[in-house]
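Enquirer: Have a look at the structure that comes next, please.
Protein chains: 2
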Amino acid sequence: MQVKVISTNSGKFAEISKFFEGLDVQLEMQKLELLEIQADTLEAVVSRKLASVEESVGNCLVDDSGLFIDALSGFPGVYSSYVYRTIGVNGICKLMRGVENRSAHFECLFGFRINGRDYFFKGECTGEITDNPRGSGGFGFDPIFVPEGYSQTFAELPIEEKNRISHRGRALQHLRKFLENLLEKS
Amino acid sequence: MQVKVISTNSGKFAEISKFFEGLDVQLEMQKLELLEIQADTLEAVVSRKLASVEESVGNCLVDDSGLFIDALSGFPGVYSSYVYRTIGVNGICKLMRGVENRSAHFECLFGFRINGRDYFFKGECTGEITDNPRGSGGFGFDPIFVPEGYSQTFAELPIEEKNRISHRGRALQHLRKFLENLLEKS
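First to last, the sequence lines map onto chains A and B.
Under my numbering, the first residue of the first sequence is numbered 1, with each subsequent residue one higher.
Under my numbering, the first residue of the second sequence is numbered 1001, with each subsequent residue one higher.
Here's what the structure looks like:
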């Protein structure tokens, strides 16, 4: 089975490829600029993104993710990458100064089109926002997010450990199970 | 001439109507949920918004606006309404604490479809971000924005004065001139 991963991020493609190891699936990265709408949920953004992929592309995978901070009404949410590019991790730390409720969660949603049908796989990871950035691994808001049950940030954890518990890792585990089932049946 | 103002905001419709007074134009408010894309410029958002209006709607007006803060790399920009709904004016004040460069500007862009052709009219208003919110007029980020040459915030200025110098007011003045010309010729 052939699947096109629609992304412009090679690191993300490598991470996804790892989760498909051992399955009879050939992944190919396709750089396409997809329509991203303004909406308050990943579901709205990703389903619209997937709908904007032309049918001729065939089996494909799109995704989006975001950091949702409880005390900031879910900010930066679906706009995480824009917020990262503008006010960055230091901006978030500043906004959270003196805020007692540090709860937040990362969400990741994959939209998967296979044989003309669309499926969605979600992963979440709850945790807390740190006072200051820590660690040099990962990317984006990883240095200020400590997942539940850990004391290190995503940027301090070994990459394998992060991928096992992260929002994206969890979504990819759901996706892999779905694929295993599908391939068994065929 | 009939023109549909596509908006869900009655206050905005009233403000726009005022600018069309004395012209042979009948405005009608039409509540439609239009496609808003994620992009870094108002031009991209508004042109896509206008393109998403079905041709059968006929002459119509759409718009978008945002506050762009220099020291925050343009944040909150085209996402101003989302940012207002989440971290609000207090969030912006917190982000700007201790920041020396207070420069910012409001932008407004109207997309106007008339007789099947699309035109764009932009207005800008430069100014500075205050340390704390002041005033109860206006809406959105008005209480933390002091336009150049003034000491009051948009929320402290009389509404007529604000409408004369604001980004939206300036864009509407361009639009009105265009319409006056057009109606003279016809």
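All C-beta atoms, glycine included, are put in the ideal place defined by N, C-alpha and C.
For chain A, find out if any of its Cβ atoms is closer than 8 Å to the Cβ of B/Y1084; answer yes or no.
Expert: Taking Cβ atoms only, chain A never reaches closer than 8 Å to B/Y1084, which makes this a no.
Enquirer: Using the Cα positions of A/K94 and A/P133, report the straight-line distance between them to the nearest angstrom.
Expert: Using only the alpha carbons, I get a separation of about 11 Å.
Enquirer: Of all the beta strand (DSSP E) runs that stay within the bounds of the region 138 to 169 of chain A, which reach a length of 3 or more residues?
Expert: Segments of the beta strand (DSSP E) lying fully in the region 138 to 169 of chain A: 145 to 147.
Enquirer: Indicate whether at least one CB of chain A lies closer than 8 Å to the CB of B/L1035.
Expert: Yes, because at least one Cβ of chain A sits closer than 8 Å to the Cβ of B/L1035.
Enquirer: For the pair the region 79 to 89 of chain A and the region 27 to 35 of chain A, tell me if three or more CB-CB distances fall below 8 Å.
Expert: Result no; under three Cβ-Cβ pairs closer than 8 Å.
Enquirer: Assuming A/L34 and A/I6 make a contact with CB atoms under 8 Å, what is their CB distance in whole Å?
Expert: Yes, they are in contact, since the Cβ atoms of A/L34 and A/I6 sit about 6 Å apart, within 8 Å.
Enquirer: Checking the sheet assignment: what are the DSSP bridge partners for A/G22?
Expert: BP columns for A/G22 are empty, so no partner.
Enquirer: Whole angstroms is fine: what's the gap from B/G1149's alpha carbon to B/T1126's?
Expert: Roughly 10 Å separates the two Cα atoms.
Enquirer: B/F1072 versus chain A: which residues are under 8 Å apart at the beta carbon?
Expert: The amino acid at residue 1072 of chain B is misidentified as Phe; the sequence shows Leu. Within 8 Å Cβ-Cβ: T86, I87, G91.
Enquirer: Would you say A/F75 reaches chain B, if we count a Cβ-Cβ gap shorter than 8 Å as a contact?
Expert: Yes - at least one Cβ of chain B is within 8 Å of the one on A/F75.
Enquirer: Could you tell me whether any Cβ in chain B is nearer than 8 Å to the Cβ of A/Q38?
Expert: Interface residue, yes.
Enquirer: Here's the rule I'm using: 16 or more other beta-carbon atoms within 10 Å means buried, otherwise exposed. How should B/F1075 be labelled?
Expert: So B/F1075 counts as buried.
Enquirer: Using a Cβ-Cβ cut-off of 8 Å, state whether B/K1122 counts as contacting chain A.
Expert: Judged by the 8 Å Cβ criterion, B/K1122 is not in contact with chain A.
Enquirer: For B/L1095 and chain A, any beta-carbon pair shorter than 8 Å?
Expert: Closer than 8 Å: yes.
Enquirer: Got a sec, what are the start and stop residues for the beta strand (DSSP E) A/L50 sits in?
Expert: Here A/L50 belongs to no beta strand (DSSP E); instead the alpha helix (DSSP H) covers 42 to 51.
Enquirer: What residues are listed by DSSP as bridge partners for A/G182?
Expert: Note on identity: in this sequence residue 182 of chain A is Leu, with Gly being the wrong assignment. According to DSSP, A/L182 bridges with nothing at all.
Enquirer: On the CB-based measure, 16 or more other CB atoms within 10 Å of its CB, does B/F1139 come out buried or exposed?
Expert: With fewer than 16 Cβ atoms within 10 Å of its Cβ, B/F1139 is classed as exposed.
Enquirer: Could you check the C-alpha separation between A/G11 and B/S1047 for me, to the nearest Å?
Expert: Looking at the two C-alpha atoms, the distance is approximately 33 Å.
Enquirer: Please list, in chain order, all residues of the same chain as A/G91 whose beta carbon is under 8 Å from its beta carbon, the five residues on each side excluded.
Expert: Contacts found: V83.
Enquirer: For a contact defined as C-beta to C-beta under 7 Å, what are the partners of A/Y79 on chain B?
Expert: Ordered by position in chain B, the residues that pass the 7 Å Cβ test against A/Y79 are Y1079, Y1082.
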